[in-house]
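Chemist:
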Amino acid sequence: MTNTVWIWIIAIAAIAAELIFYLVQKKKQDRLSEKAMDLIMHGNLDELDQLVDSPEMQKRFPLYNRLYLKLNASIMRGNLKKTDELFEEIGRTNMTDQQKAAYAMMGFQYYLPLERRGMRPVQGDAGYDEGQ
Numbered sequence: 033m034t035n036t037v038w039i040w041i042i043a044i045a046a047i048a049a050e051l052i053f054y055l056v057q058k059k060k061q062d063r064l065s066e067k068a069m070d071l072i073m074h075g076n077l078d079e080l081d082q083l084v085d086s087p088e089m090q091k092r093f094p095l096y097n098r099l100y101l102k103l104n105a106s107i108m109r110g111n112l113k114k115t116d117e118l119f120e121e122i123g124r125t126n127m128t129d130q131q132k133a134a135y136a137m138m139g140f141q142y143y144l145p146l147e148r149r150g151m152r153p154v155q156g157d158a159g160y161d162e163g164q
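Okay, structure coming up:
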């Protein structure tokens, strides 16, 4: 065989190996996503926290996505102080425009009803009962 044929064989093999690697990584990421959503849907929030903090999740998902899962769990628990902390932490991350929109909508949907019930002012940290 000529050098050109070998070059083509090596190139095709490299592309195939890269494709296989990508598909395996995508499958692992999809599996973790499904597990996280299943835990949320069934209210297994402690297990969700463990999954989000796992090395596998930290390796496969960006910080924003992991914090967003924790934020949802905190809201479901009704933990106002932890929810505030997570909103602040997410606000300090680098976000895409789509993530910024989701973050803003989540904040609006969370804080407006609390303000209407008099549980906290919309623009401040003080003035609400942390025990709620």
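For the sequence shown, the numbering used here begins at 33 and goes up steadily by one. By construction, the Cβ of each residue, glycine as well, lies at the ideal position given by its N, Cα and C atoms.
Over what stretch of residues does the alpha helix (DSSP H) that includes D116 continue unbroken?
Modeler: Start and end: 112–123.
Chemist: Do Y100 and T125 have their beta-carbon atoms positioned less than 7 Å apart in this structure?
Modeler: Going by C-beta atoms, T125 is not nearer than 7 Å to Y100.
Chemist: Over what stretch of residues does the alpha helix (DSSP H) that includes N126 continue unbroken?
Modeler: Segment: none, N126 is in no alpha helix (DSSP H) and carries neither H nor E.
Chemist: State whether the region 39–46 contacts the region 59–79, with contact taken as three or more CB pairs (one from each stretch) at a distance under 8 Å.
Modeler: No: the two stretches stay apart, fewer than three of their Cβ pairs being nearer than 8 Å.
Chemist: I need the straight-line Cα distance from Q155 to K91, nearest angstrom please.
Modeler: Note on Q155: pLDDT 46, under 50, position unreliable in the model; the coordinate value appears next. Whole-angstrom Cα-Cα distance: 35 Å.
Chemist: In its own chain, which residues sit with a C-beta less than 7 Å from the C-beta of S106, not counting the 5 before and 5 after it?
Modeler: If we look at S106 and ignore the five residues flanking it on each side, its Cβ neighbours are K114, T115, L118.
Chemist: According to DSSP, simplified to helix, strand and coil, what is R109?
Modeler: Helix.
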